[in-house]
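Notes to accompany the following structure.
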Amino acid sequence: MPELPECEQNRRRVEAGALNRTITAVRLGNDTKSVDLPGAEERSRFEGRQFTEARRHGKAIFAGSATGPWIAVSLGMTGSLRVWDEADGPPDYTRITFEFEGGARLGFRCPRKLGSVTVIEDPDRYIEETGLGPDALEASAETLADRLGTGKGAIKSALMSQKKIAGIGNLWSDEALFQCGIAPDAETGSLSDDQRLKLTRTAQDVMQTILDIDTDYSRIPDDWLKPHRTAGADCPRCGGTIEKMTVGGRTAHYCNRHQAAG
DNA sequence: AAGATTGTTTTCAT
DNA sequence: AATGAAAACAATCT
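Numbering (full-length UniProt numbering), first residue to last: 1 to 262.
Encoded structure:
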């Protein structure tokens, strides 16, 4: 599920349902083999405490309090944070559950095991240590454009580099490039300053729009790439055809006419 | 049935 | 040294 808007959605669920309640236990779910989760000692640090804050930076989600340990959650390809009531039981593939007084539950669902939950002391320090770039919605478009650099790698790879800009992934980088008419494999350094600025502005608009529609993809405008993101589909903006290519190890979808390589 | 997947990390190469 | 590309990771779905 997770690029910046989807991660923000998860953060809001935590904020709405898991703050200011006393944690009574932290339990591992079924089949936690090869999922990066906190050990018994770390889990016990949360007992008797409360989460008072849920933060996000790029795709990283944090829950904790001013005085206590925090969890840093990476959703991976298919992870999500869920809140439910004890009486309803956990969703499938729940790997770790925080149990609160009164019956509320916060769990990390991760079917494909590419996500993680780790215990950290401070989110700001974590962001610094992991080298994450500025959050894609908090920084200005000018700052983000600067961060793209002028290297010889593909612009799509630069957009998705979490060390340059935190929060943009495969889907929304494709969307921003599509809307700007830039080929995904264009060399970053071959673009003009104006093109890079337009690109970061567009990426911000794209992600803000997804947030505004609560990540309900059925409400995405029809002239966006997303509803047509299949090889062979007709481009909704020109007479071209949607094709795919591999860029930076990921599958990029693009229009072979208005995003033709320069 | 082979190939792809809204991600991150490590390893290899230039 | 630093930048960029490729592979590895897991499980499910088309």
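Beta carbons: idealized from backbone N, C-alpha and C, even for Gly. Treat the numbers as computed from the prediction; the structure is a model and nothing was measured.
Through-space distance from A176 to L197, alpha-carbon basis:
The alpha-carbon separation between L197 and A176 amounts to approximately 12 Å.
Assuming A18 and V83 make a contact with CB atoms under 8 Å, what is their CB distance in whole Å?
Cβ atoms of A18 and V83 come within 8 Å of each other, at about 6 Å.
Y93 to S116 span [Cα, whole Å]
Spanning the two alpha carbons is a distance of roughly 13 Å.
Contained beta strand (DSSP E) runs [length at least 3] in the region 85-136, N- to C-terminal order
Secondary structure in the region 85-136: the beta strand (DSSP E) runs of 3 residues or longer, each lying completely within the stretch, are 94-100, 104-109 and 116-120 in chain order.
Using the Cα positions of N10 and T150, report the straight-line distance between them to the nearest angstrom.
Using only the alpha carbons, I get a separation of about 34 Å.
Between the beta-carbon of D124 and the beta-carbon of G167, is there less than 8 Å?
For D124 and G167, no; Cβs fall outside 8 Å.
Where does F46 sit, in a helix, a strand or coil, going by DSSP?
Residue state, collapsed to three classes: coil.
CA-to-CA distance, E15 to L137, given in whole angstroms
When only Cα atoms are considered, L137 and E15 end up about 19 Å apart.
Compute the distance between the beta-carbons of I71 and C7, then report whether it is under 8 Å.
The answer is no: Cβ separation not under 8 Å.
In three-state terms, what does DSSP make of H228?
In the structure shown, H228 falls within a helical segment according to DSSP collapsed to helix, strand and coil.
Taking only runs of the alpha helix (DSSP H) that begin and end inside the region 136-165, which ones reach a length of at least 4 residues, in chain order?
Runs of the alpha helix (DSSP H) lying entirely within the region 136-165, each at least 4 residues long, are 141-148 and 155-160 in chain order.
Stretch pair the region 183-203 + the region 23-36: three plus CB contacts closer than 8 Å
Pairwise C-beta distances place the region 183-203 out of contact with the region 23-36, as fewer than three of them are shorter than 8 Å.
If contact is defined by three or more beta carbon pairs under 8 Å, each pair taking one atom from either stretch, is the region 200-210 in contact with the region 247-259?
The region 247-259 is not in contact with the region 200-210.
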